[in-house]
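2 protein chains.
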Amino acid sequence: MATIKDIAKQAGVSVTTVSRALNGYSDVNDKTRKHIEDTAKQLNYSPNTLARSLVMNKSQTIGLLVSELNRSGAKDMFTYEVMCGINDSASDVGYDLILFSTNSVKQKQKSYTQLCRERQVEGVIMQGIKMDDPYIQEVIDSNIPCVFVDVEVEGKDVGFVTTDNVFGAQMAVKHLINLGHTEIAMMNGHDQAHVSAKRRKGYERELTDAGLHVRDEFVLNGDFLEPMAESAAYPFLKAHPEVTAIFCASDLMALGVMKAAKRLELKIPEDLSIVGFDDIVLSEYTNPPLTTVSQDKYQMGYEAAKLLTSMLKNDVPVQKKATLDNRLIVRETTAPPKH
Amino acid sequence: MATIKDIAKQAGVSVTTVSRALNGYSDVNDKTRKHIEDTAKQLNYSPNTLARSLVMNKSQTIGLLVSELNRSGAKDMFTYEVMCGINDSASDVGYDLILFSTNSVKQKQKSYTQLCRERQVEGVIMQGIKMDDPYIQEVIDSNIPCVFVDVEVEGKDVGFVTTDNVFGAQMAVKHLINLGHTEIAMMNGHDQAHVSAKRRKGYERELTDAGLHVRDEFVLNGDFLEPMAESAAYPFLKAHPEVTAIFCASDLMALGVMKAAKRLELKIPEDLSIVGFDDIVLSEYTNPPLTTVSQDKYQMGYEAAKLLTSMLKNDVPVQKKATLDNRLIVRETTAPPKH
DNA sequence: AATTCATTCCGAAACGTTTCGGATTAGCTT
DNA sequence: AAGCTAATCCGAAACGTTTCGGAATGAATT
Numbered sequence: 001m002a003t004i005k006d007i008a009k010q011a012g013v014s015v016t017t018v019s020r021a022l023n024g025y026s027d028v029n030d031k032t033r034k035h036i037e038d039t040a041k042q043l044n045y046s047p048n049t050l051a052r053s054l055v056m057n058k059s060q061t062i063g064l065l066v067s068e069l070n071r072s073g074a075k076d077m078f079t080y081e082v083m084c085g086i087n088d089s090a091s092d093v094g095y096d097l098i099l100f101s102t103n104s105v106k107q108k109q110k111s112y113t114q115l116c117r118e119r120q121v122e123g124v125i126m127q128g129i130k131m132d133d134p135y136i137q138e139v140i141d142s143n144i145p146c147v148f149v150d151v152e153v154e155g156k157d158v159g160f161v162t163t164d165n166v167f168g169a170q171m172a173v174k175h176l177i178n179l180g181h182t183e184i185a186m187m188n189g190h191d192q193a194h195v196s197a198k199r200r201k202g203y204e205r206e207l208t209d210a211g212l213h214v215r216d217e218f219v220l221n222g223d224f225l226e227p228m229a230e231s232a233a234y235p236f237l238k239a240h241p242e243v244t245a246i247f248c249a250s251d252l253m254a255l256g257v258m259k260a261a262k263r264l265e266l267k268i269p270e271d272l273s274i275v276g277f278d279d280i281v282l283s284e285y286t287n288p289p290l291t292t293v294s295q296d297k298y299q300m301g302y303e304a305a306k307l308l309t310s311m312l313k314n315d316v317p318v319q320k321k322a323t324l325d326n327r328l329i330v331r332e333t334t335a336p337p338k339h
Numbered sequence: 340m341a342t343i344k345d346i347a348k349q350a351g352v353s354v355t356t357v358s359r360a361l362n363g364y365s366d367v368n369d370k371t372r373k374h375i376e377d378t379a380k381q382l383n384y385s386p387n388t389l390a391r392s393l394v395m396n397k398s399q400t401i402g403l404l405v406s407e408l409n410r411s412g413a414k415d416m417f418t419y420e421v422m423c424g425i426n427d428s429a430s431d432v433g434y435d436l437i438l439f440s441t442n443s444v445k446q447k448q449k450s451y452t453q454l455c456r457e458r459q460v461e462g463v464i465m466q467g468i469k470m471d472d473p474y475i476q477e478v479i480d481s482n483i484p485c486v487f488v489d490v491e492v493e494g495k496d497v498g499f500v501t502t503d504n505v506f507g508a509q510m511a512v513k514h515l516i517n518l519g520h521t522e523i524a525m526m527n528g529h530d531q532a533h534v535s536a537k538r539r540k541g542y543e544r545e546l547t548d549a550g551l552h553v554r555d556e557f558v559l560n561g562d563f564l565e566p567m568a569e570s571a572a573y574p575f576l577k578a579h580p581e582v583t584a585i586f587c588a589s590d591l592m593a594l595g596v597m598k599a600a601k602r603l604e605l606k607i608p609e610d611l612s613i614v615g616f617d618d619i620v621l622s623e624y625t626n627p628p629l630t631t632v633s634q635d636k637y638q639m640g641y642e643a644a645k646l647l648t649s650m651l652k653n654d655v656p657v658q659k660k661a662t663l664d665n666r667l668i669v670r671e672t673t674a675p676p677k678h
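Taken in order, these protein sequences are the chains called A and B. So in this note's numbering, spot 318 of the first sequence is number 318, and the numbers just go up one at a time. So in this note's numbering, spot 166 of the second sequence is number 505, and the numbers just go up one at a time.
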């Protein structure tokens with residue numbers, strides 16, 4: 001590995017000059033610059049970013065902390081698509097991504113902040129973190145710039161991006177109401193997600209606006225998991241034949257509800273209308289294809305990285321949150337109720 | 340950020356001693372070690388891995404170079420699942436992952452090797468790279484340890500992991516033959532993938548073994564893409580009504596073939612049997628569910644990282660390749676031909 | 001002829017670690 | 001009392017950069 005010193009020696013100039021030549025400073029003669037560039041190429045030189053980062057105190061790296069980087073995340077491609085957006089946006093402005101996953105946190109017995117500081121990341125994006133994660137507060141308290149995906153926290157050096165979950169839920173429920181449904185249940189996720197609260201709020205608001213009754217026992221808990229949703233939906237649907245529609249807080253849970261409906265021999269959408277949330281890849285391929293509220297996951301990632309990098313070069317005090325729009329995608333799991 | 344110097348000053352010892360104390364060397368008194376550890380904690384110290392890497396010339400980082408880290412990869416979760424395996428395996432042995440994507444290569448006008456050397460990664464895993472990628476040779480020639488996923492190259496410092504594609508294809512075709520099919524076509528990917536050649540070999544070998552005719556015009560090219568497969572399959576199926584089964588080199592292409600069949604009003608599996616390859620998440624949800632050859636993508640990633648890290652601590656000359664087994668998953672797109 | 005000034009270059013310190021070689025001390029052995 | 005050993009500590013160099021402050025040169029201005 002050729003270093004800047006090697007170039008200096010070979011080209012007969014000082015280290016300083018090589019550095020300044022290669023970095024485009026103006027106080028070096030065109031001829032010597034050319035000469036230095038040539039010998040650099042000849043020696044197949046690559047700068048050592050470690051050394052550079054050390055002295056400049058800027059690593060040009062952002063940490064990506066995802067909770068479940070594991071196979072279970074494969075079904076909803078949420079994490080993956082968000083990552084793609086982050087990667088594209090970060091590489092636009094010359095940042096590289098370093099991957100942390102929560103199991104590596106556990107493995108190394110280190111907190112997120114320790115991990116970040118050791119690796120000298122300039123900022124971090126957190127995705128799939130639950131609200132009750134004990135380390136969240138620690139990250140906020142640290143002065144590491146940070147943006148969350150789908151967790152609404154703000155502060156000095158911390159922001160977030162999310163989608164308009166309340167309105168998204170309202171669109172879904174309104175769609176059902178417009179079709180003529182009146183007995184509409186909801187399959188919600190767990191309490192440790194902001195989005196759960198928001199989507200429930202939208203659900204209740206829309207019911208209220210339509211003059212329909214809001215009933216707590218119509219809101220189920222599926223923990224954002226397919227099997228959990230199935231086993232919660234099964235007894236509920238059995239006990240409540242009057243329910244003709246279910247709004248689900250995630251597509252994955254909608255899959256579970258569809259399975260429960262199948263076991264109960266309820267036809268979709270004739271006997272039971274279902275709306276999901278997320279628009280995961282799968283939802284286009286279910287039988288029948290799932291009506292759902294689409295979130296632009298790629299865009300969320302893109303905006304998250306954009307937000308973070310703009311915080312990093314904190315020239316202007318930036319808006320530290322971003323809310324993206326959702327849209328309803330009507331497929332074939334929704335129809336007017338039978339009678 | 341507290342440094343080792345701050346600790347030294349505060350604890351009244353030298354930098355050397357702090358370093359040796361914190362790193363568990365034996366030549367430091369238990370009492371002073373304790374004292375140093377306490378002040379380290381008190382100052383909320385985190386070691387700076389950049390500095391450490393610089394002097395030790397070991398970054399504890401491996402690069403992950405994926406070709407298409409973008410939305411189009413979302414459908415087949417291939418890349419994602421491989422990544423999960425890599426991440427788990429790497430974090431087992433204390434390595435962190437840094438993400439490069441080919442578009443960042445293009446963006447920065449830098450070659451893979453430059454990227455790797457600048458970031459001082461100790462080794463790199465390459466996934467989704469085409470055989471004709473101009474940089475492959477460069478990576479091989481460089482002395483950066485490297486393992487490829489699904490590209491069979493070997494050499495000093497380079498290995499690969501793949502699955503038994505020939506045998507996988509044979510299983511698929513044998514399954515069709517056993518059902519009674521004799522006119523079996525194949526939808527292959529592009530020429531720039533090792534797996535294409537392998538799967539075709541398996542297809543032909545199995546036909547030959549069964550005494551069936553191998554016909555070049557029965558092998559189509561779908562470029563591993565769903566729409567390409569659809570538009571290749573449509574005219575072919577129309578022109579060859581005698582064909583009762585198609586073996587596809589990827590599930591994504593199988594989806595395309597299914598669409599083409601639908602447009603031609605061919606019933607699956609009654610009029611046309613289809614076998615895919617990969618067992619992507621989607622294949623379980625198609626209508627009907629897809630019979631396919633399953634590859635353990637997570638395991639491929641896991642083995643790739645394991646291979647690389649064992650190459651890195653090159654104590655023993657390791658076996659520089661790994662071939663994983665596949666298995667046939669029979670779902671509902673295959674049945675005996677009609678008459 | 002003395003002065004300013006722009007251009008072009010360089011020395012040395014700094015970033016936060018690790019590590020080699022040696023130094024100091026105290027306790028034992030003769 | 002001299003020598004030896006083991007235990008414990010430390011100074012200084014090194015890793016590959018960037019950058020501050022200044023130095024040398026020559027041309028242009030007074």
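Think of the CB as a built atom: it goes at the ideal place given N, C-alpha and C, for glycine as much as any other residue.
Taking only three categories from DSSP, how would you classify residue i?
| i | result |
| --- | --- |
| residue 309 of chain A | helix |
| residue 96 of chain A | strand |
| residue 115 of chain A | helix |
| residue 388 of chain B | helix |
| residue 331 of chain A | coil |
| residue 503 of chain B | coil |
| residue 677 of chain B | coil |
| residue 322 of chain A | strand |
| residue 240 of chain A | coil |
| residue 233 of chain A | helix |
| residue 213 of chain A | coil |
| residue 81 of chain A | helix |
| residue 40 of chain A | helix |
| residue 478 of chain B | helix |
Check the DSSP bridge columns for residue i and list the partner residues they point to.
| i | result |
| --- | --- |
| residue 559 of chain B | B:526 |
| residue 16 of chain A | According to DSSP, which records beta bridges pairwise, residue 16 of chain A is partnered with nothing at all. |
| residue 245 of chain A | A:184, A:273 |
| residue 486 of chain B | B:464, B:498 |
| residue 66 of chain A | A:101, A:127 |
| residue 633 of chain B | B:617, B:666 |
| residue 61 of chain A | A:96 |
What's the C-alpha gap between residue i and residue j?
| i | j | result |
| --- | --- | --- |
| residue 247 of chain A | residue 329 of chain A | 13 Å |
| residue 82 of chain A | residue 622 of chain B | 23 Å |
| residue 441 of chain B | residue 404 of chain B | 7 Å |
| residue 123 of chain A | residue 153 of chain A | 16 Å |
| residue 93 of chain A | residue 86 of chain A | 11 Å |
| residue 359 of chain A | residue 256 of chain A | Because residue 359 of chain A is not part of the residues shown, which for chain A are 1 to 339, the question remains open. |
| residue 683 of chain B | residue 561 of chain B | Residue coverage of chain B in this structure runs from 340 to 678, which leaves residue 683 of chain B outside it and unanswerable. |
| residue 115 of chain A | residue 189 of chain A | 30 Å |
| residue 198 of chain A | residue 342 of chain B | 44 Å |
| residue 505 of chain B | residue 53 of chain A | 47 Å |
| residue 377 of chain B | residue 340 of chain B | 16 Å |
| residue 670 of chain B | residue 591 of chain B | 16 Å |
| residue 300 of chain A | residue 77 of chain A | 13 Å |
| residue 7 of chain A | residue 456 of chain B | 17 Å |
| residue 624 of chain B | residue 159 of chain A | 37 Å |
| residue 471 of chain B | residue 201 of chain A | 53 Å |
Against residue i, what residues of chain A qualify as contacts under a CB-to-CB distance less than 8 Å, listed in chain order?
| i | result |
| --- | --- |
| residue 457 of chain B | 46, 47, 48, 49 |
| residue 625 of chain B | 285 |
Report the neighbours of residue i on chain B: residues whose CB is nearer than 9 Å to its CB, in chain order.
| i | result |
| --- | --- |
| residue 98 of chain A | 400, 435, 436, 437, 438 |
What does residue i reach in chain A if we use C-beta pairs closer than 7 Å?
| i | result |
| --- | --- |
| residue 393 of chain B | 50, 51, 54 |
List, in order along the chain, the chain B residues whose C-beta lies closer than 7 Å to that of residue i?
| i | result |
| --- | --- |
| residue 43 of chain A | Within 7 Å Cβ-Cβ: nothing; residue 43 of chain A doesn't reach chain B, min ~12 Å. |
| residue 340 of chain A | Coverage of chain A is limited to positions 1 through 339, which leaves residue 340 of chain A absent and any answer about it impossible. |
With a threshold of 8 Å, are at least 3 pairs of Cβ atoms found where one atom belongs to the segment 599 to 606 of chain B and the other to the segment 627 to 638 of chain B?
no
query: Is there contact here, the segment 505 to 516 of chain B with the segment 544 to 553 of chain B, by at least three beta-carbon pairs under 8 Å?
result: yes
Mind the definition here: the segment 473 to 488 of chain B touches the segment 639 to 647 of chain B only if three or more C-beta pairs lie below 8 Å; say whether that holds. yes
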